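Student:
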Amino acid sequence: MSTVVKKAINFTLNGEPVTAPEGTVILDAAKRKGVFISNLCSSPKLKPFAACRTCMVETVVDGKKELVYSCTHPVSEGMEVKTETEETDRYNKACLEMLLVEHPLDCPICDKSGVCPLQDNTDALSLYNGRFEIQRRNEPSIKTNPIIEFYLNRCIMCGMCVRICDETQGVQALDYHKRGYKISIGTANEEPLDCEFCGQCVTICPTGALMDLTSQARGLASMFTETETTCNFCSWGCTIKLETKKGQLVRIEGDETFDVGINEGNLCAKGRFGHGMVQNENRLQTPLMNVGGEFKEIGWDEAIRTISERITTTVNRSGPESLAAIGGETLTNEENFLFQKLYREVIGSNQVTNLNHLRAPYINTFQQQCIDSGIVSKPITELEEADVVLMFNTDIPSEYPVAGNSIRKGAIYTGTDILIANPRNVEFRHESRMEVRMTYKPESDAAVANRISRILIEKNLIDTAKAQATLPNYDAFVQSLAKYTSQYTEEATGVSDATLIQAAERLGRNADRFILIGNDVVETGQGEAILSALLNMSLLLHIGGEGSVNIYPPREHCNSQGVNDMGMVPETLPGYQPTHLNQKNLVADLWKNCSQGAIKMLFIAGEDPCHSGKHASMVRDGLQTVPFLVVQDMYMTETARMADIILPTSSYAEKEGTFTNMSRHVQRVAPAVLPEGQSRPDFEIFGDLAQALGKPFTHTSVREVQKEIENAAPSYKGTFPGKKSAQWIPTESGSQPEFAIVEEEAVETSSQDYPMKLITNNHMFHIGSYSHYAKALVDIGPECVAEISYEDSQSMNINSGDTIRIKSETDFLDVPVTVTDRTPPGVVYLPKNWVNVPVNKLRNGHQGLIPVSINKQG
Amino acid sequence: MDTPENENTAEETATEIATEPTPEEKKICMETVYAIMDSFPSRSRRYLIPMMSKIQDKFRFLPEDVIKVVMKELKITRAEIYGVISFYHQFRTTEPGKYIYKLCYGTACFVKGAPIIADKLKEKFNMGQGETDATKLFTLEFASCLGNCGAAPMAIIGDDTYGTIDPEKTIEIANNYTL
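Taken in order, these protein sequences are the chains called A and B. Everything in the first sequence is counted per this note's numbering, starting at 729 for the first residue and increasing by one. Everything in the second sequence is counted per this note's numbering, starting at 184 for the first residue and increasing by one.
1) Does the CB of A262 of chain B have a neighbour CB from chain A at under 8 Å?
2) Would you say R907 of chain A faces chain B, with C-beta separation under 8 Å as the test?
3) Please name the residue in A:S1323, A:I1108, A:L880, A:R1087 whose C-alpha comes closest to that of L1357 of chain A.
4) DSSP state of D1240 of chain A, grouped into three classes?
5) So F270 of chain B contacts chain A; which residues on that side make the cut at Cβ distance below 8 Å?
6) At a CB distance below 8 Å, what residues from the stretch 289-309 of chain B approach chain A? Give them in sequence order.
7) Compare the C-beta of Y230 of chain B against all C-beta atoms of chain A and say whether one is closer than 8 Å.
8) Note down the Cα distance separating M213 of chain B from M1162 of chain A, rounded to an integer number of angstroms.
9) Is the shortest distance between the beta-carbon of N1133 of chain A and the beta-carbons of chain B less than 8 Å?
10) Counting only the same chain and skipping the five closest in sequence on each side, list residues whose C-beta sits under 6 Å from that of A1261 of chain A.
11) Enumerate, from N- to C-terminal direction, the unbroken beta strand (DSSP E) stretches of 3 or more residues contained entirely within the stretch 1356-1443 of chain A.
12) Output the distance between the C-alpha atoms of H905 of chain A and S912 of chain A, rounded to the nearest integer angstrom.
13) Is there a Cβ from chain B that is less than 8 Å from the Cβ of N1061 of chain A?
14) With 8 Å as the threshold, decide whether the Cβ of Q863 of chain A is near any Cβ in chain B.
15) Quick one: list the residues of chain B neighbouring N917 of chain A, beta-carbon separation under 7 Å, in chain order.
16) Can you give the beta carbon distance from I754 of chain A to V785 of chain A, rounded, assuming they're within the 8 Å contact cut?
17) Can you tell me which of A:F1425, A:I1534, A:L1051 puts its alpha carbon nearest to the alpha carbon of P1544 of chain A?
18) Between the stretch 1162-1171 of chain A and the stretch 1219-1230 of chain A, do at least 3 Cβ pairs fall closer than 8 Å?
19) How would you list, in chain order, the residues of chain B whose beta-carbon sits under 7 Å from the beta-carbon of A901 of chain A?
20) Specify the secondary structure class of G982 of chain A as computed by DSSP and reduced to three states.
21) Please state whether the Cβ-Cβ distance between L828 of chain A and G858 of chain A is less than 8 Å.
22) By a C-beta neighbour count over all protein chains shown, 10 Å radius and 16 as the cutoff for buried, is P279 of chain B buried or exposed?
23) Over the uninterrupted beta strand (DSSP E) stretch that includes R1165 of chain A, give me the two end residues.
24) For the stretch 1467-1509 of chain A, list the alpha helix (DSSP H) runs that are entirely contained and at least 4 residues long, ordered along the chain.
25) With DSSP as the reference, label M807 of chain A as helix, strand or coil.
26) Is V1249 of chain A close to chain C? Criterion is C-beta to C-beta, closer than 8 Å.
27) In its own chain, which residues sit with a C-beta less than 7 Å from the C-beta of H1491 of chain A, not counting the 5 before and 5 after it?
28) Just the C-alpha distance for C929 of chain A and T1538 of chain A, rounded to the nearest angstrom, thanks.
29) What is the rounded straight-line gap between the Cα of Q1097 of chain A and the Cα of A1440 of chain A?
30) Under a three-way DSSP split, which group does R1011 of chain A fall into?
31) Comparing C-alpha positions only, which one of A:E1022, A:S854, A:N1084, A:V746 sits nearest to K1342 of chain A?
32) Can you give me the Cβ contacts of G311 of chain B inside the same chain, cut-off strictly under 8 Å, excluding the 5 residues immediately before and after it?
33) Thinking C-beta only, is L1235 of chain A closer than 8 Å to V1116 of chain A?
34) Kindly say whether K1569 of chain A, judged by its beta-carbon, lies nearer than 8 Å to any beta-carbon of chain B.
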């Protein structure tokens, strides 16, 4: 809740007494009361606009009658509202009738037919016989971009697309053009759309003037079968509707129903247009066995038998700890649970991990420290009611696009203040009154956070006495801040102290604070120090400040949180319970142990470490050396090519389960289509393996496994089956508030040969390497393009469109480049999602940002 | 025909700069834009329309490069700025002819033969409504009513008013104007 409380207003609606918070418009108040008022251009997500003029109601205030538009007119004390009077109906009908003069009634081939507010309103106002001569426009549809079609003949100029593009998405790619009869919606001069391709305009368009070109079927969308499920791309965890027709996944839509999911129907390009990866001809169809370097199709029985026999022999010969597993960040909770159960209980090996944990084991520690310190963090649905949001090293429109939607909404309705700390000058358009930008030097993240902590203490912006009394290592912490003087920090980070003071002052005030941390902090190689610094800052605010602090660990994929919760880590069992298997932790250094022979068998579920592993040559070497490699995946990835046996698995649209998002919301995954080919859900595969190994699992359904999870991980109690998207709350918290003091590592000074730093993360339209199987996403994000600053482009005489060679100590890549003001001088930015541009080969184990040199090619 | 020669020289220079900019001239041209923007209290979107009017007064139209600078400085998007430009007819995004040929299309002038004059102009200069002839001498605009119905049909070319014209006379008058 925001710290500002709204007054309650009493008024009457059609004679009945109603109460609503101050500032509520009549239309919204009536909607909540279940009273229908015709309208076409209002949405709870958008500011009042009054374009369609069909929502007139009669009000009486102090005996004075007035006809007002209910979508813009707020309720006032003692107001008497009457809807559907003879007079208002006359006005509303006339306006709608005029819209129908131009609107084509091509309903059978319209995507909105059946879910069309224009149809509903026409019916509600009983407008069956128009008085006017029909004058249809007949303009060709505009298909100049691969995703969104403009068929403006159906447009009723409600401006919903223009407003959502502006207010919710902050992109403003659409606007009204010309005026009078010639007025139209679109881009400047009808140029091809160049935007974030979130598709919000398609969902919000009430009439089908904007259509989803990726949709596999046209018309009567209301007849498609809808399955509510959770998106499988980033860890924000949006609720989506998978729409199918005759067993085909046709398209994905947002669900704007009140109180469904965490995203209010907002989606991004990936979530909305990434359905091409489900029913795809490149999917693996049958189990494959590597026979002398070639893959031979085999049956499931043979595959399961071979694997189980191999497991038994390996256990007998080298002991259970020689078998390791990598859990999937895109597998469901239930599947990961069974995977670790298979390893721990059936095989007896504790060597389980996941790529996120392998790379940054300190994230789980950070999460536990937050909980121990009593910072439990609210559900992410309350982000739109935040008073201040700190986006720390996260490029929100690329990393969590839908978080951006909530923050922008907060900026408009709650008055959220926005703090952005990032080494890149990332774009984030919003309507907040206050934005503090801390564009710091690469790898100086921790210094920024630590300096803010020091300012909080020095300037007494928080109750320091209380913090000192509550926190045992307060003095040690204060001492550790000694080096962050204004002068030192200014030099180290390049951010002026005045800016940091401004940020600290805003954070110090009584507020609901939300801190979103980007996965980029992991890339800096200083992740542990940065997360600790942020934790310490949050702890100061939590103990010494008023209001709340909400801080979420950085998670990358849809179930990066769940895979850790489910115990796919060597340190803890599901629910972060201590493990009883007293084995040496071989997976902490997995690749080395594979290469050196300590690990004899590796089982990878749904991951491609060849592409995403941080130490390319070591991963490759490990995978080549390990005697037996099983890979479960939907596609033939680079890792799968090195496997002995490949098992085809089902996509998220073909299986049942739950994902846990980065703010710990457990949300349902539901099947919408039948599995492709002979592929099977990982859930069943693990069950079959347990059976083949002679220790069958007792469960018979996903629901039973969920019950098992609830028992094993008490914090998950009551969250299943995930339809309510409830957040799991730790059973115990605040037991041990303490600062985590981690020294910042010295940043490598740039060498003569490699003077620049390479920042890499997910592209706006891609995540991992699996989004490339969705054709629509490749259409909008076809090519890996590096970004450099204007200053560097001048000094090196490089122009946008040139090809540059990015060279690190270990490898080089040739990529096209563009010059932007997002990237600061001395930095090259390169998205990491293209398999043909293997960024991790440049890294090859290097911990921090990769030192590189660039020069122009050709 | 006394064309205000000296007034046009300034305009002409501006046009040349805007159409064929050498790198140095381009810099000067942008400096003018920045100077205009600085004459307002702040570089805020609230001054977009007066800013663009002033810029157009200087350049006679809004060149693409200038629009880009305004977009960047006022932090508005392409769709928005073109939304404003296309709403107001007086904003031009293409270079107009040296003289604006305002042909009155009010009721009186229409009845008295404005369309025939328009046809003649089309025949002679190959320019329709809103178009510029090949030599960039005239840009033809139809005006709603220029308030001189007594002298219908009438036209305003540059700053000069001509009443009771006819197709033949139109060509004669037009011939008085040169680049």
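Virtual Cβ for every residue (Gly too), placed ideally from N, Cα, C. These numbers come from a predicted model, not from an experiment.
Tutor: Reading from the atomic positions:
1) Closer than 8 Å to some Cβ of chain A, the Cβ of A262 of chain B qualifies, so yes.
2) By this cut-off, R907 of chain A is an interface position.
3) The candidate whose alpha carbon is nearest that of L1357 of chain A is A:S1323.
4) Of the three classes helix, strand and coil, the one that applies to D1240 of chain A here is strand, per DSSP.
5) Residues of chain A whose Cβ lies closer than 8 Å to the Cβ of F270 of chain B are, in chain order, Y904, H905, K906, R907.
6) Correct list: empty, as no residue qualifies.
7) Taking Cβ atoms only, chain A never reaches closer than 8 Å to Y230 of chain B, which makes this a no.
8) The straight-line gap from Cα to Cα measures roughly 31 Å.
9) It does not: the Cβ of N1133 of chain A has no partner Cβ on chain B nearer than 8 Å.
10) Here A1261 of chain A has A1174, A1177, N1178 as same chain residues with Cβ atoms under 6 Å from its own Cβ, once five neighbours each way along the sequence are excluded.
11) Complete beta strand (DSSP E) runs here, min 3: 1356-1361, 1373-1376, 1385-1388, 1393-1397.
12) Their backbone Cα atoms lie some 5 Å apart in a straight line.
13) At a cut-off of 8 Å between beta-carbon atoms, N1061 of chain A makes no contact with chain B.
14) Chain B, which has no Cβ nearer than 8 Å to the Cβ of Q863 of chain A, makes this no.
15) Residues of chain B passing the Cβ test: Y265.
16) Sure, about 6 Å apart at Cβ, within 8 Å.
17) Distances from the alpha-carbon of P1544 of chain A to those of A:F1425, A:I1534, A:L1051 put A:I1534 closest.
18) A contact exists between the stretch 1162-1171 of chain A and the stretch 1219-1230 of chain A.
19) Per Cβ cutoff of 7 Å: T260, A262.
20) DSSP places G982 of chain A in strand when its eight states are reduced to three.
21) Yes, Cβ-Cβ distance for L828 of chain A and G858 of chain A is below 8 Å.
22) Buried.
23) Unbroken beta strand (DSSP E) run through R1165 of chain A: 1163-1167.
24) Whole alpha helix (DSSP H) segments, 4+ residues: 1503-1508.
25) M807 of chain A: coil per DSSP, three-state reduction.
26) No chain C appears in this structure, whose protein chains are A and B.
27) Cβ neighbours of H1491 of chain A beyond the five flanking positions: S1126, G1509, P1559, N1561.
28) So the alpha carbons of these two residues sit roughly 45 Å apart.
29) Counting only the Cα atoms, A1440 of chain A lies some 21 Å from Q1097 of chain A.
30) In this structure, R1011 of chain A counts as strand in the three-state DSSP scheme.
31) Here the closest residue by C-alpha is A:N1084.
32) Non-local C-beta neighbours of G311 of chain B in its own chain, meaning closer than 8 Å and more than five positions away in sequence, comprise A301, K305, L323, ordered along the chain.
33) Yes, Cβ-Cβ distance for V1116 of chain A and L1235 of chain A is below 8 Å.
34) No Cβ of chain B is located within less than 8 Å of the beta carbon of K1569 of chain A.
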